[in-house]
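Colleague:
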Amino acid sequence: MKKTLLTFAALFASTLSILAQSGNPLATFKINQTGGEFTMTLASTEAATSYSVDFGDGNLVTAATTQAYDGWDGSVEISGTPAAGSTVKIYSTGKITYLQAFGKTTASRIETADVTKLVDLTDLDLHNNQLATIDLSQNTKLKKLDLNNNSFTSINLAANTALTTLDLSANAGLSSIDLTANTALTKLTLSKCLMTTLDISANKALRSCYLLDMGLTNLTVGEKTGTGFILSVNNNKLTTLDLRQATGLDGKGRLFATNNNLTEILYVKIGTANISGNKFTFATLPTANIKTLTYAPQQRMEIALNGSSVDLSAQQADTYKWLTTDGDELVAGTDYTEESGKFTFLKTPTKPVYGVLESSRFPKFVGSNAFKTTTIEPVGTAIVLSTADNATAAAAYYTLDGTFVSTNKAQLPAGLYIVKNGKKAVKVMVK
0 MKKTLLTFAA
10 LFASTLSILA
20 QSGNPLATFK
30 INQTGGEFTM
40 TLASTEAATS
50 YSVDFGDGNL
60 VTAATTQAYD
70 GWDGSVEISG
80 TPAAGSTVKI
90 YSTGKITYLQ
100 AFGKTTASRI
110 ETADVTKLVD
120 LTDLDLHNNQ
130 LATIDLSQNT
140 KLKKLDLNNN
150 SFTSINLAAN
160 TALTTLDLSA
170 NAGLSSIDLT
180 ANTALTKLTL
190 SKCLMTTLDI
200 SANKALRSCY
210 LLDMGLTNLT
220 VGEKTGTGFI
230 LSVNNNKLTT
240 LDLRQATGLD
250 GKGRLFATNN
260 NLTEILYVKI
270 GTANISGNKF
280 TFATLPTANI
290 KTLTYAPQQR
300 MEIALNGSSV
310 DLSAQQADTY
320 KWLTTDGDEL
330 VAGTDYTEES
340 GKFTFLKTPT
350 KPVYGVLESS
360 RFPKFVGSNA
370 FKTTTIEPVG
380 TAIVLSTADN
390 ATAAAAYYTL
400 DGTFVSTNKA
410 QLPAGLYIVK
420 NGKKAVKVMV
430 K
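According to numbering that gives the first Met the number 0, the sequence shown is numbered sequentially starting from 0.
As structure tokens, this is what we get:
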């Protein structure tokens with residue numbers, strides 16, 4: 000038996016040597032100009048297989064698996080140190096279905112790769128290299144493709160319709176991608192690819208999608224019905240997100256959309272959502288039909304003065320505070336007046352001021368996560384509170400935001416007004 004095994008081993012080695020001499024490798028990799036230790040892992044899901052690698056010096060390094068690859072066992076690792084600028088070549092008498100190749104240091108990264116003869120590949124991992132292009136048109140059986148941290152500016156995956164897992168993250172120059180042919184995808188990772196627009200509506204089978212730090216301003220999600228769908232779009236520039244067809248977000252589904260510019264999310268139901276760091280307000284925060292919601296903090300709410308007034312009534316907060324940028328709190332009745340969330344500043348603060356809003360509806364807006372407005376620099380009205388009985392009969396009455404109402408006091412509903420007569424202005428209370 001031992002003699003038989005030795006005979007087979009010798010036969011494999013002889014065959015591989017003949018293949019090498021004939022100059023017909025199954026795959027080649029051009030190494031960058033500095034060189035360094037290089038490692039590849041090879042396997043076949045069909046049978047135990049022998050492999051040989053020429054690291055650019057004409058000598059073969061041979062190794063063999065003892066069983067078919069099952070996802071854990073059945074692969075073999077071959078390492079070498081190719082010379083700078085050399086070409087690494089792979090030979091085998093069997094089918095290669097799994098291939099991983101990368102340099103262990105920046106000195107041994109792949110610049111170009113030819114895998115067109117590996118037509119049985121189902122799993123290709125060339126992450127952490129310097130590839131700018133690759134021809135995958137013949138690798139139609141590919142199910143898993145990992146090309147993260149390379150130098151791609153474009154890639155054609157039209158022939159790879161069997162793909163279920165795709166990782167192209169950290170290819171900063173990849174500004175667009177067409178995934179319409181890849182309808183079998185269940186996991187997609189494009190984080191740190193700098194593209195402003197992405198359409199994944201054709202990829203209905205997606206179960207997890209990671210699109211972080213991309214600079215996205217427009218994302219088309221489309222139908223995602225798989226249970227437990229995960230969508231992560233943290234650290235982008237999205238202002239709106241339409242998830243109405245992504246019903247897989249319900250139940251165990253999860254949405255991570257922190258640190259965007261979101262003011263609107265359209266959805267049916269979501270299991271868990273983190274939407275902190277956006278531009279939601281008390282009036283716009285989505286809360287219905289979300290089982291677990293993280294919403295604090297938010298970006299400062301942008302506000303603007305209308306004369307000496309600010310209208311925050313739409314927020315329906317329980318309490319309002321105004322503070323200067325030095326941290327001094329303004330005093331109601333002395334520095335400003337408030338009626339149902341509408342504020343008029345009586346005095347001109349020495350520093351810009353901002354509002355702090357609190358509501359029992361959103362108890363997490365506290366401490367360092369307090370809900371704040373942007374700063375404003377109001378000019379006080381410098382008027383005194385009076386009663387309508389003391390106002391001049393011919394005066395013109397205005398709302399606190401400066402809108403003209405009437406010159407006839409008798410027609411006014413009860414409330415607080417500014418009355419002007421000539422150069423004089425007085426704040427009055429109509430009873």
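Ideal Cβ positions, reconstructed from N, Cα and C, are used throughout, including at glycine.
Going by other Cβ atoms of all chains shown within 10 Å of its Cβ, with 16 needed for buried, is L314 buried or exposed?
Modeller: The sequence as given places Gln at residue 314; Leu does not occur at that position. With 16 or more Cβ atoms within 10 Å of its Cβ, Q314 is classed as buried.
Colleague: Are K251 and G225 closer than 8 Å when you measure CB to CB?
Modeller: Cβ atoms of K251 and G225: not closer than 8 Å.
Colleague: Is N148 helix, strand or coil when you go by DSSP?
Modeller: Residue state, collapsed to three classes: coil.
Colleague: By the 10 Å Cβ neighbour count, where 16 or more other Cβ atoms means buried, how is I417 classified, buried or exposed?
Modeller: Classification for I417: buried.
Colleague: Excluding the five sequence neighbours on either side, which residues of its own chain have a C-beta within less than 6 Å of the C-beta of S207, listed in chain order?
Modeller: Answer for S207: K186, I229, listed in chain order.
Colleague: Where does S385 sit, in a helix, a strand or coil, going by DSSP?
Modeller: Only weak support is given to the placement of S385: the predicted model assigns it a pLDDT of 43, under 50, and the value that follows is read from those uncertain coordinates. Reduced to three states, the DSSP call for S385 is strand.
Colleague: Indicate whether the contact test is met: 3 or more Cβ pairs, each with one atom in the segment 58-66 and one in the segment 121-131, closer than 8 Å.
Modeller: No, they do not touch.
Colleague: As a quick exercise: from K223, D145, Q298, pick the residue whose alpha carbon is nearest that of N258.
Modeller: With distances taken between Cα atoms, N258 lies closest to Q298.
Colleague: Should the segment 308-325 be called in touch with the segment 348-360, which here means at least 3 C-beta pairs below 8 Å?
Modeller: Short answer: they touch.
Colleague: When you compare only the Cα positions, how much space is there between V330 and A369?
Modeller: Near 20 Å, if we compare the C-alpha coordinates of A369 and V330.
Colleague: Check each candidate in A161, A169, A157 and name the one with the smallest Cα separation from N147.
Modeller: Looking at the Cα atoms, A169 is the closest of the given residues.
Colleague: For my contact list, T92 and S136 are in at a C-beta cut-off of 8 Å; report their separation, rounded to the angstrom.
Modeller: Incorrect: roughly 25 Å between the Cβ atoms, too far for contact.
Colleague: Using DSSP with H/G/I as helix, E/B as strand and the rest coil, what is N127?
Modeller: The answer is coil: DSSP assigns N127 none of H, G, I, E or B.
Colleague: In the structure shown, what three-state DSSP assignment does D310 receive?
Modeller: If DSSP states are grouped into helix, strand and coil, D310 belongs with the strands.
Colleague: Using the C-alpha atoms, what's the distance from P285 back to K278?
Modeller: If you take the alpha carbons of K278 and P285, they lie about 12 Å apart.
Colleague: From what residue to what residue does the beta strand (DSSP E) around V355 run?
Modeller: 352-357 is the span of the beta strand (DSSP E), which, as asked, contains V355.
Colleague: Could you check how far apart the C-beta atoms of L265 and I375 are, in whole angstroms? I think they sit under 8 Å.
Modeller: Not a contact, Cβ separation roughly 31 Å.
Colleague: Do the segment 22-40 and the segment 80-99 touch if we need at least three Cβ pairs shorter than 8 Å?
Modeller: They touch, by the three-pair rule.
Colleague: Tell me the rounded alpha-carbon separation between L411 and V429.
Modeller: Approximately 7 Å, taken between the alpha carbons.
Colleague: Sort V118, G332, S150, G306 by Cα distance to T111 and report the nearest one.
Modeller: Residue S150 is the option with its Cα nearest to T111.
Colleague: Expressed to the nearest angstrom, what Euclidean distance is found between the alpha-carbon atoms of F54 and T80?
Modeller: For F54 and T80, the distance between alpha carbons rounds to 7 Å.
Colleague: May I have the straight-line CA-CA distance separating L248 from F255, to the nearest angstrom?
Modeller: About 11 Å.
Colleague: Taking the runs of the beta strand (DSSP E) that are 3 residues or longer, which of them lie wholly in the segment 259-322?
Modeller: The segment 259-322 contains these whole beta strand (DSSP E) runs: 263-265, 269-273, 289-293, 308-310.
Colleague: If you count every other CB in all the chains shown that lies within 10 Å of the CB of A46, and 16 or more means buried, which is it?
Modeller: Exposed: under 16 other Cβ atoms inside 10 Å.
Colleague: Just verifying my parser: in three-state terms, what is the DSSP assignment at S74?
Modeller: Residue state, collapsed to three classes: strand.
Colleague: Please classify P217: does DSSP put it in a helix, a strand, or coil?
Modeller: Sequence inspection shows Asn at residue 217; the Pro mentioned does not correspond to that position. Note: N217 maps to strand in three-state DSSP.
Colleague: Would you check if the distance between the CB atom of G379 and the CB atom of S308 is smaller than 8 Å?
Modeller: No, the pair does not count as a contact, with Cβ atoms beyond the cut-off.
Colleague: Of the choices G214, M194, T195, L184, whose alpha-carbon is the least far from that of K223?
Modeller: Out of G214, M194, T195, L184, L184 has the C-alpha closest to the C-alpha of K223.
Colleague: Checking 8 Å against the spacing of the C-beta atoms, do P296 and G276 come in under that value?
Modeller: Yes; because the gap between Cβ atoms is below 8 Å, this pair is in contact.
Colleague: Classify R108: buried if its beta carbon has 16 or more other beta carbons within 10 angstroms, exposed otherwise.
Modeller: Label assigned to R108: buried.
Colleague: Tell me the DSSP bridge mates of I229?
Modeller: DSSP lists S207, R253 as partners of I229.
Colleague: Cβ of L311 within 8 Å of Cβ of F361?
Modeller: It is not a contact, given that the beta carbons lie outside the stated cut-off.
Colleague: Taking the alpha carbon of L41 as the point to measure from, which residue in G57, D56, T96, N58 has its own alpha carbon closest?
Modeller: Ranking the options by Cα distance to L41, first place goes to T96.
Colleague: Under the assumption that K419 contacts A395 (Cβ atoms under 8 Å), give the Cβ distance between them as a whole number of angstroms.
Modeller: Yes, they are in contact, since the Cβ atoms of K419 and A395 sit about 5 Å apart, within 8 Å.
Colleague: Can you tell me which of T164, N58, T336, K142 puts its alpha carbon nearest to the alpha carbon of G44?
Modeller: The question names Gly, but residue 44 in the sequence shown is Thr. With distances taken between Cα atoms, T44 lies closest to K142.
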